[in-house]
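Participant:
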Amino acid sequence: MTKYRSRRIFHISILFFITLICVFFFLYSSFFYIDTISVSGNERVEESEVLKLSGVTKGTNIFKLDNRLCARAVETHPIIKTAQITRQLPREIKINIVEREMWAVMPYNDVFLVLDPEGVCLDKMAYIPEGDYCLITMDNPPEQITLGHAVASTEIEMIRKVYELIPEEVENNLSQFHYDTIKEEILIYTLRGTEIKFGNLDRIEEKTELIAQVFPMEIDLEENGTGKLEYIDLRFTGQPVLKMK
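Taking the numbering used here, the leading residue of the sequence shown gets 829, the next gets one more, and so forth.
#1: Is it buried or exposed, G947, if we count other Cβ atoms within 10 angstroms and call 16 or more buried?
#2: Going by CA-CA distance only, name the one from G869, P969, V902, I890 that's closest to K773.
#3: With DSSP as the reference, please indicate the residues paired to E1023 in a beta bridge.
#4: Could you please give the first and the last residue of the uninterrupted beta strand (DSSP E) stretch that includes N924?
#5: Could you tell me the distance, in whole angstroms, from the CA atom of Y861 to the CA atom of L975?
#6: Out of W931, E871, A899, N1001, state which residue places its alpha-carbon closest to the alpha-carbon of G959.
#7: Let me know the secondary structure DSSP gives I984 once reduced to three states.
#8: Counting along the chain, where does the beta strand (DSSP E) carrying I1047 start and finish?
#9: At what residue ranges does the stretch 867-921 contain a whole run of the beta strand (DSSP E), taking only runs of 3 or more?
#10: Which residues in the same chain have their Cβ closer than 7 Å to the Cβ of A978, if we skip the five residues on either side of it in sequence?
#11: With I1032 and I1024 assumed to form a contact (beta carbons below 8 Å), what rounded beta-carbon distance in angstroms separates them?
#12: Return the first residue and the last residue of the beta strand (DSSP E) that T965 is part of.
#13: At which residues does the alpha helix (DSSP H) containing L1038 begin and terminate?
#14: Kindly indicate which residue of E1051, P906, R1020 has the alpha-carbon position closest to the one of Y1059.
#15: Using alpha carbons as the reference points, say which of E1034, E927, M1045, H905 lies closest to M1072.
#16: For K1078, which residues of its own chain have a beta-carbon under 6 Å away from its beta-carbon, when the five flanking residues on both sides are left out?
#17: In this structure, does DSSP put V979 in helix, strand or coil?
#18: Could you tell me whether any Cβ in chain B is nearer than 8 Å to the Cβ of T1054?
#19: Which of helix, strand or coil does DSSP assign to F1064?
#20: Report the CB separation of Y1007 from I973 in whole angstroms; it is logged as a contact under 8 Å.
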């Protein structure tokens, strides 16, 4: 009885081992060779560029593909924020990307840097691009700018927090946001040339609400012929400090 049981276990083990070998050869057979690769989510990045970065090619066994490694390779593109690569058995690969969106433009030497909300540099342009965006200037920008990397992330984030709290109708009356590197403060300029000394992020909600009051003041002063605003200082508690030209 013991011999019979041992022999039966041995036969089962052999059968199991043969099954594993068959499964292994089947999984790595031509049945699972990639024959379809689709790319979605791309609007500005060419599909061919995404495929080239991913390294995914037809004829590769679908199980030999390292999804994470290929996705990271795609994310090296400055415009691509995230990439996800999924297998669709038996022979299809899907690549879905999320592109970074233009949020701000910053003059830098003889070019204009295109930035996303995280301060990542998407492009360097010889001319100022068209569209609605935040115009940012700095006293001392970084010496080296690399596509796909954040530019002065702390300073950009500070400006973004202010910008996001400003209503669109107010944004339309602003010309630029300037970061004073020495004082670590924000200066905002209106289309009529008034300087708004915003300061740091203290009392951010209160100060952003006060910005909307600057434009009626500019108009009233000009219409009455009593002068023009040079600046309005919001940095301190209490009534804002005004200076006329």
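All residues carry an ideal CB built from backbone N, CA and C; glycine is no exception.
Facilitator: Inspection of the coordinates gives the following:
#1: With 16 or more other Cβ atoms within 10 Å, it is buried.
#2: Since the first residue of the chain shown is 829 and the last is 1073, residue 773 is not available in this structure.
#3: DSSP links E1023 through a beta bridge to Y1017, Y1059.
#4: Residue range 920-927 is occupied by the beta strand (DSSP E) that includes N924.
#5: Pairing Y861 with L975, the inter-Cα distance amounts to about 35 Å.
#6: Minimum Cα distance to G959 is reached at W931.
#7: Reduced to three states, the DSSP call for I984 is helix.
#8: I1047: not part of any beta strand (DSSP E); member of the alpha helix (DSSP H) spanning 1042-1052, first to last residue.
#9: If we require 3 residues or more, the beta strand (DSSP E) runs fully inside the stretch 867-921 come out as 908-916.
#10: Excluding positions up to five away in sequence, the list reads E946, G947, V948.
#11: Not confirmed; about 13 Å, so no contact.
#12: For T965, the enclosing beta strand (DSSP E) covers residues 962-966.
#13: Where L1038 is concerned, the enclosing alpha helix (DSSP H) stretches over 1032-1039.
#14: Closest by alpha carbon: R1020.
#15: Comparing Cα positions, the closest option is M1045.
#16: It is not possible to answer for residue 1078, since the shown part of the chain is limited to 829 through 1073.
#17: In the three-state reduction of the DSSP assignment, V979 falls in the coil class, being assigned neither a helical nor a strand state.
#18: Among the protein chains of the structure shown there is no chain B, as only one such chain exists.
#19: Note: F1064 maps to coil in three-state DSSP.
#20: With 8 Å as the limit, Y1007 and I973 do not qualify as a contact, their Cβ atoms being about 15 Å apart.
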